[in-house]
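Here the protein sequences come in this chain order: A and B. Okay, so the first sequence: first residue is 11 according to our numbering, each after it adds one. Okay, so the second sequence: first residue is 11 according to our numbering, each after it adds one. All C-beta atoms, glycine included, are put in the ideal place defined by N, C-alpha and C. These numbers come from a predicted model, not from an experiment. To keep things clear, I will list the structure first and then write my remarks on it.
Protein chains: 2
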Amino acid sequence: VSTESTLLATLRRLATHPAARGLADDVALLGDLVLTHDTLVEGVHYLAGDPPESVGWKLAAVNLSDLAAKGAEPVGALLSLTARGTDWEERFLRGLHEACESHGLPLLGGDTVALPAAAPRVLGLTALGRAGAIVPSRSGGCPGDRLWVAGTIGDSAAGLRALREDEGASGPLVEAYRRPQPLLALGQALAPLASAAMDVSDGLLLDATRMAEASGCGWRLDLSALPLSPAFRAECGTDRAARLFAATGGDDYALLLALPTELDPGLTLPKETSVNIACVGELTKNGVFQLADDLGPVPLPERLGYEHHSS
Amino acid sequence: VSTESTLLATLRRLATHPAARGLADDVALLGDLVLTHDTLVEGVHYLAGDPPESVGWKLAAVNLSDLAAKGAEPVGALLSLTARGTDWEERFLRGLHEACESHGLPLLGGDTVALPAAAPRVLGLTALGRAGAIVPSRSGGCPGDRLWVAGTIGDSAAGLRALREDEGASGPLVEAYRRPQPLLALGQALAPLASAAMDVSDGLLLDATRMAEASGCGWRLDLSALPLSPAFRAECGTDRAARLFAATGGDDYALLLALPTELDPGLTLPKETSVNIACVGELTKNGVFQLADDLGPVPLPERLGYEHHSS
Chain A
11 VSTESTLLAT LRRLATHPAA RGLADDVALL GDLVLTHDTL VEGVHYLAGD PPESVGWKLA
71 AVNLSDLAAK GAEPVGALLS LTARGTDWEE RFLRGLHEAC ESHGLPLLGG DTVALPAAAP
131 RVLGLTALGR AGAIVPSRSG GCPGDRLWVA GTIGDSAAGL RALREDEGAS GPLVEAYRRP
191 QPLLALGQAL APLASAAMDV SDGLLLDATR MAEASGCGWR LDLSALPLSP AFRAECGTDR
251 AARLFAATGG DDYALLLALP TELDPGLTLP KETSVNIACV GELTKNGVFQ LADDLGPVPL
311 PERLGYEHHS S
Chain B
11 VSTESTLLAT LRRLATHPAA RGLADDVALL GDLVLTHDTL VEGVHYLAGD PPESVGWKLA
71 AVNLSDLAAK GAEPVGALLS LTARGTDWEE RFLRGLHEAC ESHGLPLLGG DTVALPAAAP
131 RVLGLTALGR AGAIVPSRSG GCPGDRLWVA GTIGDSAAGL RALREDEGAS GPLVEAYRRP
191 QPLLALGQAL APLASAAMDV SDGLLLDATR MAEASGCGWR LDLSALPLSP AFRAECGTDR
251 AARLFAATGG DDYALLLALP TELDPGLTLP KETSVNIACV GELTKNGVFQ LADDLGPVPL
311 PERLGYEHHS S
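Structure follows, in structure tokens:
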């Protein structure tokens with residue numbers, strides 16, 4: 011039986027080209043092109059009842075978020091569309107196009123294939139971006155680097171929870187789940203300064219652990235420093251349970267950046283930016299993961315985030 | 011209800027960037043990069059009982075064939091792998107890797123996502139190639155251009171038919187179905203000379219019609235000139251029905267080239283090439299499609315090839 015880790019090990023053994031970056035990153039880097047591919051599966055990455063427009067938006071946004079984390083400028087995309095022949099696809103394309111138009115990602119091609127009637131849709135996008143002079147990987151972090159989060163954490167997970175309780179739920183948290191905003195301008199400003207950078211897609215604790223492990227570090231994270239939106243605070247509160255929920259929720263599409271201690275990203279950001287940026291902790295020496303909040307140390311939850319992969 | 015044609019019309023309306031070539035081609039062309047994405051669906055593009063190694067091989071080969079038709083040199087690929095957590099995926103990756111290694115296509119990244127237990131697998135690959143100085147599209151053909159086929163036609167369809175009758179079938183026709191050979195060297199030699207070029211993936215009659223329509227032409231094709239392999243001749247014969255079966259079968263991954271009348275590709279091919287190349291007809295003035303064989307005119311079959319798309 012193939013587990014996630016053996017499958018990834020196999021892929022790493024095959025992907026030996028330097029552009030693959032050892033598959034320790036969310037992107038490949040080929041010359042000055044940043045390449046990424048993300049796939050959404052019906053019932054796994056989105057709810058069958060989600061409006062098709064929002065699924066299209068989300069497919070573009072999750073790929074754009076990978077470009078954002080590397081400071082890349084969108085260049086173009088190829089779509090893999092499975093079609094069951096309903097008007098779902100037309101509405102999906104409308105949302106995809108809206109996100110692409112909003113972020114300067116032209117659709118260049120792809121493939122449209124038929125799907126057996128009852129099969130869940132599988133929707134893939136390959137996005138290409140033009141890299142800046144420096145493209146941070148996941149693995150360049152050093153002990154002592156501060157960990158910063160750009161954007162807010164937990165909104166999407168709270169939105170998904172609301173939808174599971176009531177599929178007619180709406181509001182800013184549901185919007186955050188359905189229509190994440192890739193932080194492209196912010197990534198272009200900050201990624202070149204970062205020792206390591208990635209987007210937070212599977213939960214802050216899980217993604218921070220991935221960055222730390224790729225960098226040969228551990229981390230110290232302060233739950234009380236998490237950037238929480240007003241809507242999240244109103245809906246979920248701000249106690250330890252709420253903050254743990256936010257830190258393990260996933261689908262945030264915030265950016266996680268390891269920045270040298272002396273660097274204050276607030277000073278380098280464009281003035282017109284309205285995105286939160288918060289220091290949530292630091293990278294530490296290998297293998298130590300320490301979570302705390304105002305009340306003291308917090309035991310690590312068993313589940314650090316959302317694992318998309320099979321096991 | 012969305013039909014194939016309305017979905018394609020929508021996609022064309024969205025893909026206005028020049029690199030998309032109006033989606034009238036199998037690839038996008040971004041600077042000197044040729045980009046293509048092909049997706050295989052279990053039960054649609056391959057049989058659930060096919061050896062996973064051959065599915066991996068085929069996924070790489072069908073994408074490489076698109077690069078071949080444009081005369082491009084392989085650069086790298088991104089994989090979209092849906093995993094159900096069995097050893098199927100490990101075997102699939104072995105075959106994919108073998109094809110990538112054989113043709114110089116390094117795996118650079120991608121995404122691995124979980125799939126609900128009963129869902130058909132959906133496997134996608136984005137392939138990038140470096141273009142030569144001239145990259146023929148589908149749409150550059152002119153009335154009077156001769157239509158040439160490189161490779162043989164019908165083997166794969168005959169192999170699939172044999173597998174449907176007996177899932178233990180084997181031999182060169184089954185191999186042609188399971189392990190198509192992308193004609194990269196031949197494409198690099200001939201594509202720069204062609205007014206129009208594409209690979210034959212969905213049936214010669216259908217793909218020739220697509221080329222002719224994209225070029226504002228019709229075609230005249232001679233069934234008796236079809237390049238048929240010895241194995242196909244032995245298994246299916248060479249009568250009109252066999253030739254119509256070959257010409258509408260699909261999954262050939264031969265190349266279809268429109269070449270100026272005076273050009274004999276046999277003279278420009280590398281001497282060591284062992285691939286058949288045959289003149290099968292010509293492009294004609296708009297809207298006329300004439301099929302013939304030794305016995306005279308042949309009525310166009312209702313089904314010209316294999317339509318992957320839903321309708």
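Look up SER300 of chain A in the DSSP assignment and give the residues it is bridged to. The sequence given here has Gln at residue 300 of chain A, not Ser. GLN300 of chain A pairs with A:ARG230.
Any chance you could list the alpha helix (DSSP H) runs of at least 4 consecutive residues sitting entirely within the region 18 to 65 of chain A, in chain order? none
Residues from the region 120 to 142 of chain B in contact with chain A, defined by Cβ distance under 8 Å: GLY120, ASP121, THR122, VAL123, ALA124, LEU125, PRO126, ALA129, PRO130, VAL132, GLY134, THR136 and LEU138
Could you check whether the region 304 to 313 of chain A touches the region 52 to 72 of chain A, counting it as contact only if at least three pairs of C-beta atoms, one from each stretch, sit closer than 8 Å? no
Strictly under 9 Å for the Cβ-Cβ distance: is HIS113 of chain B near chain A by that measure? Not an interface residue.
Assuming GLU83 of chain A is part of the alpha helix (DSSP H), what are its boundary residues? Run containing GLU83 of chain A: none in the alpha helix (DSSP H); it sits in the beta strand (DSSP E), 83 to 93.
Span of the beta strand (DSSP E) around VAL184 of chain B: Segment 182 to 188 is the alpha helix (DSSP H) holding VAL184 of chain B; no beta strand (DSSP E) there.
At a Cβ cut of 8 Å, what residues of the region 52 to 83 of chain B count as close to chain A, listed as they run along the chain? GLY53, VAL54 and HIS55
Measuring straight from C-alpha to C-alpha, what distance separates GLU175 of chain A and TYR187 of chain A? 14 Å
Within chain B, partners of SER90 of chain A - CB distance below 7 Å: HIS47, THR49, SER90 and GLY134
Between the beta-carbon of ALA160 of chain A and the beta-carbon of PRO275 of chain A, is there less than 9 Å? yes
State the DSSP-derived secondary structure class of ASP262 of chain A, mapped to helix, strand or coil. coil
Rounded to the nearest angstrom, how far is the Cβ of GLY181 of chain B from that of HIS47 of chain B, given a contact under 8 Å? In fact, because the Cβ distance is near 31 Å, the residues do not count as touching under 8 Å.
With ASP217 of chain B as the anchor, note down where its alpha helix (DSSP H) starts and where it stops. 214 to 224 is the extent of the alpha helix (DSSP H) around ASP217 of chain B.
For PRO202 of chain B, the three-state DSSP class (helix, strand or coil): helix
In three-state DSSP terms, what is ARG148 of chain B? coil
Three-way DSSP call (helix, strand, coil) for ALA143 of chain B in this model: coil
One question on the structure: do LEU293 of chain B and ALA204 of chain B come within less than 9 Å of each other, judged by their Cβ atoms? no
Closest by C-alpha distance to GLY53 of chain A, when choosing among A:VAL37, A:LEU170 and A:ALA256: Per the Cα distances, A:LEU170.
Within 9 Å of any Cβ in chain B, is that where the Cβ of PRO237 of chain A sits? Taking Cβ atoms only, chain B never reaches closer than 9 Å to PRO237 of chain A, which makes this a no.
What is the rounded straight-line gap between the Cα of LEU103 of chain A and the Cα of ASP97 of chain B? 35 Å
What are the boundary residues of the beta strand (DSSP E) that GLU317 of chain B is part of? Careful: GLU317 of chain B lies outside any beta strand (DSSP E) and carries neither H nor E.
Please list the partners that LEU203 of chain A has in chain B, where partner means a Cβ-to-Cβ separation under 8 Å. Those do not exist, as LEU203 of chain A stays about 24 Å from chain B at its closest Cβ, beyond 8 Å.
Within a Cβ cutoff of 6 Å, which residues of the same chain sit near GLY114 of chain A, ignoring the five residues on either side of it in sequence? PRO84
Counted within 10 angstroms of its Cβ, other Cβ atoms place ASN296 of chain A as buried (16 or more) or exposed: exposed
Residue of A:LEU173, A:SER284 and A:SER147 minimising C-alpha distance to ASP35 of chain A: A:SER147
Between LEU39 of chain A and ASP262 of chain A, what straight-line distance do the alpha-carbon atoms span, to the nearest angstrom? 24 Å
If I follow the unbroken alpha helix (DSSP H) through LEU254 of chain A, where does it start and stop? First-last of the alpha helix (DSSP H) with LEU254 of chain A: 250 to 257.
Expressed to the nearest angstrom, what Euclidean distance is found between the alpha-carbon atoms of GLY86 of chain A and GLU111 of chain A? 11 Å
Going by alpha carbons, who is nearest to PRO311 of chain A out of A:ALA252, A:PRO280, A:SER15 and A:ALA137? A:ALA252
Cutoff 8 Å; reference VAL123 of chain A; Cβ partners in own chain excluding five residues on either side: Around VAL123 of chain A, the same chain offers SER90, LEU91, THR92 and ALA93 as residues with beta carbons nearer than 8 Å, after the five sequence neighbours per side are excluded.
Measuring straight from C-alpha to C-alpha, what distance separates ARG23 of chain B and GLY151 of chain B? 23 Å
ASP212 of chain B versus SER166 of chain B - alpha carbon distance: Each residue's alpha carbon lies about 11 Å from the other.
Below-9 Å beta-carbon distance, LEU183 of chain B vs any chain D residue: Looking for chain D here will not work: the only protein chains present are A and B.
I want to verify the contact list: residues of chain A whose CB lies under 8 Å from the CB of PRO116 of chain B, in sequence order. ALA25, THR26, HIS27, ALA29 and ALA30
So, at 7 Å on beta carbons, what are the nonlocal neighbours of GLY315 of chain A in its own chain, with the 5 sequence-adjacent residues on each side left out? Take GLY315 of chain A, set aside five residues on each side of it, and the residues of its chain with a beta-carbon closer than 7 Å to its own are ASP212, GLY213, LEU215, LEU216, ASP217, THR258 and GLY260, in chain order.
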